[in-house]
């Protein structure tokens, strides 16, 4: 990475963090999914335990070695390691969509696209800089979100269930394999859309389709149709990584000046 690319990345990150509306939009989904949602789940189960009957049926399908704590601790552990991962995967997608949707269409709206194209960078380098900036924001938001979620869950578990629950190996694959891969897929597709779109809203519409597989994953967990296992996450992560690498390479190879300058 050269100095010019670093300058473009820094400019893009600053444009998001200095824009109150965009920055607020970037934070809404993580706050809801990592603070509000786990709190609601756990508090409902604490004050209205009969609402957890379906989760109890799901818990009974797990090996006895995973049911070592109290009833509430076991349910909270189930929520942390089987239900919340699906919701968590929405965060890198939504964070990526907010950042990457403004990549080129934002330059068009601010009338700075021509200036960007005149900088001493090739089009591939500009594209790569836009992707890196969005990826860094997405990973930072995802990392902070995981930390916030863990603090909320552990605090409620300690005070309401009398002990801590701990994330299992699934979160390692989610944080360091699936989330980065899913983020790159979202960024690459939306940056391409941003180059053709006439507004940020048009570019962000592509994120809706990327959320559909995640929603199916969440539904599968709640219905007990299947459980997220470590091996399943490893397979999903490998497939997503291959898809991300393929999309990134093909997108850069097909990126043209005519696409950007088209009104």
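Residue numbers (this note's numbering): 200 to 462.
Backbone N, C-alpha and C define an ideal beta-carbon position, used for all residues, glycine too.
Only a predicted model underlies this, so the values are computations on that prediction, with no experimental measurement involved.
1) Just tell me which of 225, 322, 219 has its CA closest to the CA of residue 294.
2) Between residue 332 and residue 230, what straight-line distance do the alpha-carbon atoms span, to the nearest angstrom?
3) Between residue 372 and residue 431, what straight-line distance do the alpha-carbon atoms span, to the nearest angstrom?
4) Can you look up residue 211 in the DSSP assignment and give me helix, strand or coil?
5) Pick from 238, 444, 325, 248: whose alpha carbon is nearest that of residue 379?
6) Nearest CA to the CA of residue 309: which residue from 204, 211, 438, 416?
7) Quick check: does the Cβ of residue 234 come within less than 7 Å of any heavy atom belonging to the ligand NAD?
8) From which residue to which residue does the alpha helix (DSSP H) around residue 300 run?
9) Drop a sphere of 10 angstroms on the beta-carbon of residue 392, count the other beta-carbons inside from all chains shown, and report buried for 16 or more, exposed for fewer.
10) Three or more C-beta pairs closer than 8 Å, one from the segment 213-225 and one from the segment 294-304: is that the case here?
11) Please return the same chain residues whose Cβ sits closer than 7 Å to the Cβ of residue 442, not counting the five positions on each side in sequence.
12) Hey, residue 386 and residue 304: beta-carbon distance below 8 Å or not?
13) If we ignore side chains and look at the alpha-carbon of each, how far apart do residue 311 and residue 416 end up?
14) Closer than 6 Å by C-beta to residue 233: which residues in its own chain qualify, once you throw out the five before and the five after it? Chain order, please.
15) Between the alpha carbons of residue 342 and residue 429, how many angstroms are there, rounded?
16) Quick one: grab the DSSP three-state call for residue 368.
17) I'd like the span of the alpha helix (DSSP H) that includes residue 315, first residue to last.
18) For a quick check, are the C-beta atoms of residue 278 and residue 336 less than 8 Å apart?
19) Would you kindly report the start and end of the unbroken alpha helix (DSSP H) that includes residue 440?
20) Do residue 326 and residue 451 have their C-beta atoms within less than 8 Å of each other?
21) Residue 363: which of 207, 201, 269 sits nearest, CA to CA?
Taking the coordinates as given:
1) Position 95 of the chain shown holds residue 294. It is 225.
2) Walking along the chain shown from the start, residue 332 turns up at place 133. Walking along the chain shown from the start, residue 230 turns up at place 31. Roughly 22 Å separates the two Cα atoms.
3) Locating residue 372 in the chain shown gives position 173, where the first residue counts as 1. Locating residue 431 in the chain shown gives position 232, where the first residue counts as 1. Whole-angstrom Cα-Cα distance: 10 Å.
4) For the purposes of this step, residue 211 is taken as residue 12 along the chain shown, with counting starting at 1. Residue 211: helix per DSSP, three-state reduction.
5) In the chain shown, the residue the question calls residue 379 occupies position 180. If we check each option's Cα against that of residue 379, 444 comes out closest.
6) On the chain shown, position 110 is the one that residue 309 refers to. Residue 211 is the option with its Cα nearest to residue 309.
7) No copy of the ligand NAD appears in this structure; indeed no ligand is present at all.
8) Here residue 300 is taken as the residue at index 101 of the chain shown, counted from 1. Taken as a continuous stretch (DSSP letters only), the alpha helix (DSSP H) holding residue 300 covers 289-300.
9) Sequence index remark: in the chain shown, residue 392 carries index 193 (1-based). Its Cβ being crowded by 16 or more others within 10 Å, residue 392 is buried.
10) yes
11) The residue given as residue 442 occupies position 243 in the chain shown. Once the five neighbours on either side are set aside, the close Cβ partners of residue 442 are 384.
12) Counted from its first residue, the chain shown places residue 386 at position 187. Counted from its first residue, the chain shown places residue 304 at position 105. No; because the gap between Cβ atoms is not below 8 Å, this pair is not in contact.
13) As a working note, residue 311 is residue 112 in the chain shown. As a working note, residue 416 is residue 217 in the chain shown. Roughly 40 Å between the two C-alpha positions.
14) If you number the chain shown from 1, residue 233 lands on position 34. 344, 347, 348, listed in sequence order.
15) Within the chain shown, numbered from 1, the residue matching residue 342 stands at position 143. Within the chain shown, numbered from 1, the residue matching residue 429 stands at position 230. Distance between the alpha carbons of residue 342 and residue 429: 20 Å.
16) As a working mapping, residue 368 is identified with position 169 in the chain shown. Three-state DSSP puts residue 368 in coil, outside helix and strand.
17) Here residue 315 refers to the residue found at position 116 when the chain shown is read from its first residue. 312-316 is the extent of the alpha helix (DSSP H) around residue 315.
18) Within the chain shown, numbered from 1, the residue matching residue 278 stands at position 79. Within the chain shown, numbered from 1, the residue matching residue 336 stands at position 137. It is not a contact, given that the beta carbons lie outside the stated cut-off.
19) As a position in the chain shown, residue 440 is number 241, starting the count at 1. Element bounds for residue 440: 429-452.
20) As a working note, residue 326 is residue 127 in the chain shown. As a working note, residue 451 is residue 252 in the chain shown. Yes; because the gap between Cβ atoms is below 8 Å, this pair is in contact.
21) As a position in the chain shown, residue 363 is number 164, starting the count at 1. Among 207, 201, 269, the Cα nearest to that of residue 363 is on 269.
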